[in-house]
């Protein structure tokens with residue numbers, strides 16, 4: 001039997017070769033392949049559900065927690081949602097080959113940029129089988145080969161989905177190696193994947209912060225990474241409370257476990273007396289625990305938990321909210337840039353100058369005026385789908401859609417020019 | 001005395017703080033600072049030349065090679081050229097704050113992108129004092145703080161230039177720590193610089209391939225790297241020889257030691273008999289050594305050196321050229337994608353369909369039709385200046401100007417929207 005290293009080298013080499021084919025594949029052929037995958041998946045629904053039941057049974061046996069079980073589980077509704085997402089990707093505009101900024105230079109040459117695939121994407125994710133299809137379809141559409149390494153609890157589900165994908169690829173005449181799902185749960189495979197610089201162009205990890213930090217530290221390949229989402233809303237003195245109240249409620253309570261939920265609420269002292277009791281009432285209905293500084297406690301009373309320095313750094317991902325009363329926009333911006341995770345932060349204000357200042361000075365991947373932080377995702381931004389959200393500044397920042405899986409090459413058109 | 005580690009931590013921390021100030025600095029203030037640096041440098045010409053003479057004397061003592069001495073040397077003409085380059089940077093459009101793609105979504109929010117600085121740039125380069133000013137001015141213009149680590153042979157020159165830069169920064173009211181030149185030649189400083197993830201956002205190395213490979217391997221921070229420039233020209237069967245001859249001559253002989261010089265010439269067999277003797281005559285005048293396969297030798301005779309497999313991979317950076325006769329565009333593209341370094345490759349042809357195919361299928365940072373590969377640089381492309389040329393696909397590809405030192409954040413403008 002071959003070693004993990006040999007296996008991964010083979011996978012990498014095959015991905016590299018498939019990526020050359022894919023890079024030159026016209027949109028129509030890529031869309032036909034995605035449609036063939038759609039059909040193959042639809043026809044394999046029973047097999048995929050059976051494989052998922054195996055994974056679920058084992059997960060129950062191993063007493064895995066309910067959040068993991070929820071992410072792992074597939075059912076007919078979820079398969080339909082996956083197929084719906086695939087349809088959306090087929091409908092997206094193909095970014096590849098787009099030429100922009102083509103302009104003449106004084107020498108008479110024309111210079112422009114052409115969008116091209118990155119090559120091979122390595123995806124490492126937790127036990128969420130729907131990600132297997134989502135990532136594979138985004139990679140194919142953007143002309144990239146992909147190597148998928150899902151969580152070990154989902155191995156049977158992922159293999160069943162992979163089989164359907166490969167069936168579709170074969171039917172459409174594209175190499176089956178365009179999408180490869182690692183067939184081992186051995187962790188050494190991840191170590192290989194993130195260091196095969198000759199075969200893999202970018203790593204996209206999805207999962208908990210510690211996983212992503214470990215991958216980033218050990219990877220020899222660029223990583224599009226998503227760490228915390230410690231998001232803020234600043235209710236400025238000139239906020240329209242008819243906007244501030246629903247937004248602050250929505251950003252905290254619409255969903256708790258998501259990266260674009262608000263974790264700290266900053267309130268200008270000039271509006272705190274009026275705003276805080278009203279929002280606290282709404283939070284009380286949702287049983288959100290409030291943690292505040294002395295000023296907050298003075299207004300809201302002793303039911304508010306004392307906030308600590310540690311709270312300002314914390315992404316609760318649950319029904320807890322830290323609240324701070326600030327003296328104005330400068331303190332709010334300083335707080336956000338110091339304690340935040342540069343993910344998504346919002347100001348609620350009717351003041352033009354302060355909105356403009358907040359947009360410019362807050363150093364976050366999404367900066368929002370008068371809307372909920374919950375909008376920060378690829379679907380809401382019109383990317384059609386997202387392969388992840390980047391908290392980095394290099395290459396891609398914020399929600400990463402098809403374009404984040406591409407690069408641009410320069411094209412030069414001349415009619416005989418030489419350099420003087 | 002403090003350790004190298006303490007020193008570098010201080011430098012990094014200062015750079016991070018300066019970068020916050022710079023990020024919010026208006027164009028006018030940045031331009032005023034660059035103008036103040038211009039004046040300070042002009043006034044310090046004598047001191048800079050004296051410091052350079054110390055470096056040159058030591059380099060002579062140590063019997064350093066003539067190429068290094070040439071790169072190290074400053075003289076009044078070169079200082080003038082540096083000042084001229086600085087004027088050019090002042091005239092460039094400030095990329096920071098530019099908002100693009102601002103459009104409404106069905107929810108009524110507007111989504112767009114705002115260009116922002118990366119933060120702190122770490123630059124590692126050989127003993128070329130002019131790079132100190134060039135990199136500092138590009139970083140300042142794009143709102144980034146920069147930490148510069150030049151070659152040890154140029155330490156006195158670099159410190160003298162740094163002093164003038166800091167004089168200018170001070171005069172303009174910006175923190176002097178916007179530009180910091182490492183004051184030690186200890187190599188441990190480089191090791192620190194490329195791993196201080198909390199303080200440095202991107203590393204730009206310039207120098208030999210082995211230096212860049214070592215930095216890329218050891219860095220914990222994204223590296224904009226520039227490895228080989230093994231560039232090709234493919235003279236297609238329908239090439240206009242009035243274009244092909246001057247371009248092939250220019251791309252090889254205009255300058256030998258540059259990354260965008262041609263290293264391998266590919267000639268379609270249908271035009272080889274006519275083209276090769278004529279270009280060989282031109283190369284003979286320039287004493288370029290030709291290395292060819294059997295078909296080339298049959299046409300040009302035995303003065304052609306036998307080419308080896310190794311030659312196809314080689315960036316000669318000198319008066320040597322490998323030549324191959326190919327059966328057509330498919331062989332040419334395969335050869336380029338296999339042996340090339342994905343830097344810059346050109347086709348000479350009058351055929352529309354083949355030009356289009358070459359542009360699409362050649363996987364290089366610059367792909368050229370009917371012009372010399374020598375055009376591949378930031379000035380010729382209209383970037384105004386370049387901080388380097390990237391042979392990567394992630395973040396920046398090809399010549400990297402101001403825009404390569406920036407990122408984009410998303411901005412969201414609403415009037416009270418919440419997520420449903």
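Residue numbers (the UniProt record's numbering), protein chains in the order written: chain A, 1 to 420; chain Y, 1 to 420. Ideal Cβ placement from N, Cα and C applies to all residues, glycine included.
- [ ] Identify the contact partners of residue 142 of chain Y in chain A, using a Cβ-Cβ distance below 9 angstroms as the criterion.
- [x] Sequence index remark: in the second chain, residue 142 of chain Y carries index 142 (1-based). Per Cβ cutoff of 9 angstroms: no residues; residue 142 of chain Y is ~12 angstroms from chain A at best.
TODO: Alpha carbon to alpha carbon, how far is residue 303 of chain A from residue 125 of chain Y? Give it in angstroms, no decimals.
DONE: Numbered from its first residue, the second chain carries residue 125 of chain Y at position 125. Numbered from its first residue, the first chain carries residue 303 of chain A at position 303. Looking at the two C-alpha atoms, the distance is approximately 59 angstroms.
Task: Alpha carbon of residue 209 of chain Y to alpha carbon of residue 226 of chain Y, nearest angstrom - done: In the second chain, residue 209 of chain Y corresponds to position 209, counting from 1. In the second chain, residue 226 of chain Y corresponds to position 226, counting from 1. Taking the Cα positions, residue 209 of chain Y is about 8 angstroms away from residue 226 of chain Y.
TODO: With DSSP as the reference, please indicate the residues paired to residue 423 of chain Y in a beta bridge.
DONE: Missing from the structure shown is residue 423 of chain Y; chain Y here goes from 1 to 420 and no further.
- [ ] For the alpha helix (DSSP H) holding residue 213 of chain A, just list the boundary residues, first then last.
- [x] Here residue 213 of chain A corresponds to residue number 213 of the first chain, with the count starting at 1. Where residue 213 of chain A is concerned, the enclosing alpha helix (DSSP H) starts and stops at 209-218.
Open item on the list: Residues of the region 357-390 of chain A in Cβ contact with chain Y at a cutoff of 8 angstroms, in chain order, please.
Closed with: Answer set for the region 357-390 of chain A: 359, 360, 361, 363, 364, 365, 366, 367, 368, 369, 370, 371, 372, 374, 375, 376, 380, 381, 382.
- [ ] Can you tell me which of the three DSSP states residue 237 of chain A falls into?
- [x] Translated into positions along the first chain, residue 237 of chain A becomes position 237. Of the three classes helix, strand and coil, the one that applies to residue 237 of chain A here is coil, per DSSP.
Task: Interface partners of residue 222 of chain Y on chain A, CB under 7 angstroms - done: Reading the second chain from its first residue, position 222 is the one you call residue 222 of chain Y. Those are 222, 394, listed as they occur along chain A.
TODO: Could you check what DSSP says for residue 293 of chain Y in three-state terms: helix, strand or coil?
DONE: Residue 293 of chain Y sits at position 293 when you count from the first residue of the second chain. DSSP, reduced to helix, strand and coil, places residue 293 of chain Y outside both helices and strands of the structure shown, so it counts as coil.
- [ ] Report the three-state DSSP secondary structure of residue 92 of chain A (helix, strand or coil).
- [x] Start at 1 with the first residue of the first chain, and residue 92 of chain A comes out as number 92. In the three-state reduction of the DSSP assignment, residue 92 of chain A falls in the coil class, being assigned neither a helical nor a strand state.
Task: Other residues of its chain near residue 259 of chain Y: CB distance less than 6 angstroms, five sequence neighbours each side excluded - done: Numbered from 1 along the second chain, position 259 holds the residue referred to as residue 259 of chain Y. The residues are 229.
Open item on the list: Spatial neighbours of residue 90 of chain Y within its chain, please: C-beta separation below 6 angstroms, excluding the five flanking residues on both sides.
Closed with: For the purposes of this step, residue 90 of chain Y is taken as residue 90 along the second chain, with counting starting at 1. Setting aside the 5 residues that flank it on each side, residue 90 of chain Y is surrounded in the same chain by 31, 34, each with a C-beta closer than 6 angstroms to its C-beta; the list follows chain order.
Task: Option nearest residue 193 of chain A by Cα separation, candidates A:6, A:270, A:278 - done: Reading the first chain from its first residue, position 193 is the one you call residue 193 of chain A. For residue 193 of chain A, the closest alpha carbon among the candidates A:6, A:270, A:278 is that of A:6.
TODO: Reducing DSSP to helix, strand and coil, say where residue 407 of chain Y ends up.
DONE: Position 407 of the second chain holds residue 407 of chain Y. DSSP, read as helix, strand or coil, puts residue 407 of chain Y in strand.
Open item on the list: Please confirm whether residue 23 of chain Y has its beta-carbon closer than 9 angstroms to some beta-carbon of chain A.
Closed with: Locating residue 23 of chain Y in the second chain gives position 23, where the first residue counts as 1. Interface residue, yes.
TODO: Could you tell me which residues DSSP pairs with residue 112 of chain Y in its beta bridges?
DONE: Residue mapping note: residue 112 of chain Y aligns to position 112 of the second chain, counting from 1. Partner(s): Y:411.
TODO: Report all residues from its chain with a CB closer than 6 angstroms to the CB of residue 431 of chain Y; omit the five preceding and five following residues, and keep chain order.
DONE: The question about residue 431 of chain Y has no answer here: the residues shown for chain Y are numbered 1 through 420.
Open item on the list: Quick check on the burial criterion: 16 or more other C-beta atoms within 10 angstroms. Buried or exposed for residue 380 of chain A?
Closed with: Reading the first chain from its first residue, position 380 is the one you call residue 380 of chain A. Buried, since its Cβ has 16 or more Cβ neighbours within 10 Å.
Open item on the list: Give me the subset of the region 230-254 of chain A whose CB atoms are less than 9 angstroms from a CB atom of chain Y, sorted by chain position.
Closed with: Residues passing the 9 angstroms Cβ filter: 240, 242, 243, 244, 246, 247, 249, 250, 251, 254.
Open item on the list: In this structure, how does DSSP classify residue 206 of chain A when only helix, strand and coil are distinguished?
Closed with: Indexing the first chain from 1 puts residue 206 of chain A at position 206. In this structure, DSSP gives residue 206 of chain A an extended state, which the three-state scheme calls strand.
Open item on the list: For residue 103 of chain A and residue 25 of chain A, what's the separation of their Cα atoms in angstroms?
Closed with: What you label residue 103 of chain A is simply residue 103 of the first chain in a count that begins at 1. What you label residue 25 of chain A is simply residue 25 of the first chain in a count that begins at 1. The straight-line gap from Cα to Cα measures roughly 27 angstroms.
Task: Buried or exposed by the 16-neighbour rule on C-beta atoms within 10 Å, applied to residue 187 of chain Y - done: For the purposes of this step, residue 187 of chain Y is identified with residue 187 of the second chain, where counting begins at 1. That one is exposed.
TODO: Determine the burial state of residue 284 of chain A: buried for a count of at least 16 other Cβ atoms within 10 Å of its Cβ, exposed for fewer.
DONE: Taking the first chain and counting its residues from 1, one reaches residue 284 of chain A at position 284. Counting the other Cβ atoms within 10 Å of the Cβ of residue 284 of chain A gives fewer than 16, which makes it exposed.
Task: DSSP beta-bridge partners of residue 374 of chain A - done: For the purposes of this step, residue 374 of chain A is identified with residue 374 of the first chain, where counting begins at 1. As far as DSSP is concerned, residue 374 of chain A takes part in no beta bridge.
- [ ] Kindly list the residues whose CB is nearer than 6 angstroms to the CB of residue 307 of chain A, restricted to its own chain and excluding five residues on each side of it in sequence; keep chain order.
- [x] Residue numbering aside, residue 307 of chain A sits at position 307 when the first chain is read from its first letter. Closer than 6 angstroms at Cβ, skipping near neighbours: 291, 292, 293, 322.
Task: Contact check, residue 401 of chain A vs residue 364 of chain A, beta carbons under 9 angstroms - done: To locate residue 401 of chain A, count along the first chain from 1; it is residue 401. To locate residue 364 of chain A, count along the first chain from 1; it is residue 364. No.
- [ ] May I ask you to check if the CB of residue 24 of chain A is nearer than 8 angstroms to at least one heavy atom of the ligand NAD?
- [x] Absence of the ligand NAD is noted for the structure shown, with no ligands found whatsoever.
Open item on the list: For a cutoff of 9 angstroms on Cβ pairs, would you count residue 312 of chain Y as touching chain A?
Closed with: Your numbering for residue 312 of chain Y matches position 312 in the second chain. No, its Cβ sits nowhere closer than 9 angstroms to a Cβ of chain A.
- [ ] Could you tell me which chain Y residues have their CB closer than 8 angstroms to the CB of residue 407 of chain A, listed as they occur along the chain?
- [x] Translated into the one-based positions of the first chain, residue 407 of chain A becomes position 407. Those within 8 angstroms of residue 407 of chain A in chain Y are 393, 394, 397.
Task: Interface residues of chain A facing residue 402 of chain Y [CB-CB closer than 7 angstroms] - done: For this step, residue 402 of chain Y is matched to residue 402 along the second chain. Neighbours of residue 402 of chain Y on chain A: none; closest Cβ ~14 angstroms, over 7 angstroms.
Task: Beta-carbon separation (whole angstroms), residue 342 of chain A vs residue 406 of chain A, contact threshold 8 angstroms - done: Locating residue 342 of chain A in the first chain gives position 342, where the first residue counts as 1. Locating residue 406 of chain A in the first chain gives position 406, where the first residue counts as 1. Between residue 342 of chain A and residue 406 of chain A a beta carbon distance of about 23 angstroms is seen, past the 8 angstroms cut, so the two are scored as non-contacting.
Task: Counterpart residues of residue 14 of chain Y in DSSP-defined beta bridges - done: For this step, residue 14 of chain Y is matched to residue 14 along the second chain. BP columns for residue 14 of chain Y are empty, so no partner.
- [ ] Name, going along the chain, the residues of the region 111-127 of chain Y whose beta-carbon falls closer than 8 angstroms to a beta-carbon of chain A.
- [x] Residues passing the 8 angstroms Cβ filter: 111, 114, 116, 118, 119.
- [ ] Taking only the alpha-carbon atoms, compute the straight-line gap between residue 279 of chain A and residue 234 of chain A and give it to the nearest angstrom.
- [x] Position 279 of the first chain, counted from the start, is the residue given in the question as residue 279 of chain A. Position 234 of the first chain, counted from the start, is the residue given in the question as residue 234 of chain A. Rounded to whole angstroms, the gap between the alpha carbons of residue 279 of chain A and residue 234 of chain A is 13 angstroms.
- [ ] Could you confirm whether any beta carbon from chain A is found closer than 9 angstroms to the beta carbon of residue 105 of chain Y?
- [x] Locating residue 105 of chain Y in the second chain gives position 105, counting from the first residue. At a cut-off of 9 angstroms between beta carbons, residue 105 of chain Y contacts chain A.
- [ ] Flag this pair as touching only if the region 78-95 of chain Y and the region 171-186 of chain Y have three or more C-beta atom pairs under 8 angstroms; answer yes or no.
- [x] Verdict: no, contact absent.
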